[in-house]
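Going by our numbering, 302 is the number at position 301 of the sequence shown; the sequence numbering is gapless. Cβ coordinates follow ideal geometry from the N, Cα and C atoms, glycine included. Quick caveat, the model's predicted, so the values are computed rather than measured.
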Amino acid sequence: MFISVVIPTYNRLPILRKCLSALEKQELSNEIDGYEVIVVDDGSTDGTIDFLYEKSQEFIHVRLIKQNHAGPGQARNNGVQNAKGNVIVFIDSDLVVTKTFLSSHIRSLKNAWKNFNNKLCFTYGPVINTANFTDPTTERHKLRDTSWAYFATGNVAIDRGVLEQAGLFDPAFKLYGWEDLELGERLKMMGVKLVKSYEAKGYHWHPALTIKQIPDLIRIERERAKMALIFYLKHPTFRVRLITQYTYIHRFLWEFLTLGGIINTNTLKPLLNLLINNGHPSIAMEILRIPLNLIGVREIFREAKRLAIR
Numbered sequence: 002m003f004i005s006v007v008i009p010t011y012n013r014l015p016i017l018r019k020c021l022s023a024l025e026k027q028e029l030s031n032e033i034d035g036y037e038v039i040v041v042d043d044g045s046t047d048g049t050i051d052f053l054y055e056k057s058q059e060f061i062h063v064r065l066i067k068q069n070h071a072g073p074g075q076a077r078n079n080g081v082q083n084a085k086g087n088v089i090v091f092i093d094s095d096l097v098v099t100k101t102f103l104s105s106h107i108r109s110l111k112n113a114w115k116n117f118n119n120k121l122c123f124t125y126g127p128v129i130n131t132a133n134f135t136d137p138t139t140e141r142h143k144l145r146d147t148s149w150a151y152f153a154t155g156n157v158a159i160d161r162g163v164l165e166q167a168g169l170f171d172p173a174f175k176l177y178g179w180e181d182l183e184l185g186e187r188l189k190m191m192g193v194k195l196v197k198s199y200e201a202k203g204y205h206w207h208p209a210l211t212i213k214q215i216p217d218l219i220r221i222e223r224e225r226a227k228m229a230l231i232f233y234l235k236h237p238t239f240r241v242r243l244i245t246q247y248t249y250i251h252r253f254l255w256e257f258l259t260l261g262g263i264i265n266t267n268t269l270k271p272l273l274n275l276l277i278n279n280g281h282p283s284i285a286m287e288i289l290r291i292p293l294n295l296i297g298v299r300e301i302f303r304e305a306k307r308l309a310i311r
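See below:
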């Protein structure tokens, strides 16, 4: 069995190096014949391409594919279309994995194939969020690391044929968010099952919150809102409305919790600064999520009105 690890990247060079270094240290089980790491650069401007050329002897499993900036969905499609493997592993470029990462995914995948008597499944490994750039894999698993997403490409492995049968990622998702969950809806319709691979751990590096990050976080929420409507138009179900928060329940909830927007990213800055300066950036981030959710939900309804979506 040959594995292709597909990684889209865009201006994440410092953590990408740690990601690739961890993948070079894999301890492979006997059922794995080999693996490649396909890095799809999505138009980075931070020197990623030059770095990978310079370090080609260090990262011997890496194959580089370049594309103009078109989003992670198109990047993953390019990676799959150029892959040699019969199993595809998706991770993000800010994920650092353990030495047994690939072997754990394959062991869980093969056991599931045997139990189901088919290959209609994928394995999902834990994604542990950390702000520890120096040694990310020392982070413990926390309750807030739990994800309820069905198919999230931060850490999954799937048979290539099943993936291609589902149709890969929709390139209409050009901005941030939802392209993997939308593919997950199609996989679910095919009867593809989620299998947890608890030992295939990945450590997702997020820099600790700073006030300077807030404008970018607001931008991401607005992009997610636009992509949420593409998701809903492809799958106009109440389930997708719930996933994307495109409901009046969510609108009421976030309006209520922010007093109609009085509690916002500006009015919260003194409290956020206090928490950050006293070593509690994660608590600050959880508080900041409240007005960010309001921004996202308002943007969804604004965009839906503009597009005359009911």
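Would you tell me roughly how many angstroms separate the C-alpha atoms of residue i and residue j, rounded to the nearest one?
i              : j              : result
valine 157     : leucine 308    : 34 angstroms
glutamate 261  : isoleucine 61  : A small correction: the amino acid at residue 261 is glycine; glutamate does not occupy that position in the sequence shown. The straight-line gap from Cα to Cα measures roughly 54 angstroms.
isoleucine 291 : glycine 297    : 10 angstroms
threonine 238  : glutamate 186  : 11 angstroms
serine 148     : threonine 135  : 25 angstroms
glycine 178    : isoleucine 231 : 10 angstroms
cysteine 20    : glycine 280    : 26 angstroms
lysine 111     : proline 208    : 35 angstroms
In its own chain, which residues sit with a C-beta less than 8 angstroms from the C-beta of residue i, not counting the 5 before and 5 after it?
i                 : result
valine 81         : Ser5, Val7, Ile89, Arg161, Leu164, Glu165 and Leu169
glycine 48        : Leu14
leucine 293       : Leu218, Ile219, Glu222 and Thr266
leucine 210       : Leu273, Ile277, Pro282, Ser283, Ala285, Met286 and Leu289
alanine 84        : Ser5, Val7, Glu37, Ile39 and Arg161
phenylalanine 117 : Lys194
isoleucine 264    : Leu258, Ile291 and Pro292
In chain order, what residues of the same chain have a beta carbon less than 6 angstroms from the beta carbon of residue i, not counting five sequence neighbours either side?
i             : result
leucine 65    : Val40 and Leu53
serine 319    : Only positions 2 to 311 of the chain appear in this structure, which leaves residue 319 out of reach.
arginine 242  : Thr248
histidine 236 : Glu186
Would you mind sorting residue i into buried or exposed? The rule is 16 or more other CB atoms within 10 Å of its CB.
i              : result
isoleucine 92  : buried
serine 57      : exposed
isoleucine 192 : For clarity, residue 192 is glycine in the given sequence; the question names isoleucine instead. Looking at its Cβ environment, which holds fewer than 16 other Cβ atoms inside 10 Å, glycine 192 is exposed.
lysine 120     : buried
proline 271    : exposed
proline 216    : exposed
aspartate 51   : exposed
isoleucine 159 : buried
threonine 245  : buried
Please state if the CB of residue j and the CB of residue i are separated by a distance shorter than 7 angstroms.
i               : j              : result
asparagine 79   : glutamine 68   : yes
phenylalanine 1 : aspartate 34   : What the structure shows of the chain is the stretch from 2 to 311, and residue 1 is not part of that stretch, so it cannot be assessed.
lysine 100      : glutamate 32   : no
valine 128      : glycine 155    : yes
lysine 227      : leucine 176    : yes
histidine 205   : asparagine 130 : yes
alanine 113     : cysteine 122   : yes
glutamate 140   : glycine 74     : no
Thinking C-alpha only, which one of the options is nearest residue i?
i             : options                           : result
glutamate 304 : Lys194, His281 and Arg225         : Arg225
glutamate 300 : Pro271, Lys270, Phe102 and Trp255 : Trp255
aspartate 95  : Asp146, Gln214, Arg242 and Gly203 : Gly203
glycine 86    : Pro73, Ala71 and Leu103           : Leu103
histidine 70  : Lys143, Val63, Ile264 and Pro172  : Pro172
glutamate 200 : Leu234, Thr138 and Asp181         : Thr138
Below 6 angstroms, is the gap between the Cβ of residue i and the nearest heavy atom of the ligand MN?
i           : result
proline 216 : Annotation note on the ligand MN: not contained in the displayed structure, which lists no ligands.
Once you ignore the five residues that flank residue i on each side, which residues in its own chain have a CB closer than 7 angstroms to its CB?
i          : result
serine 45  : Thr10, Tyr11 and Asn12
alanine 76 : Pro9, Val41, Asp43 and Gln68
lysine 189 : Tyr151
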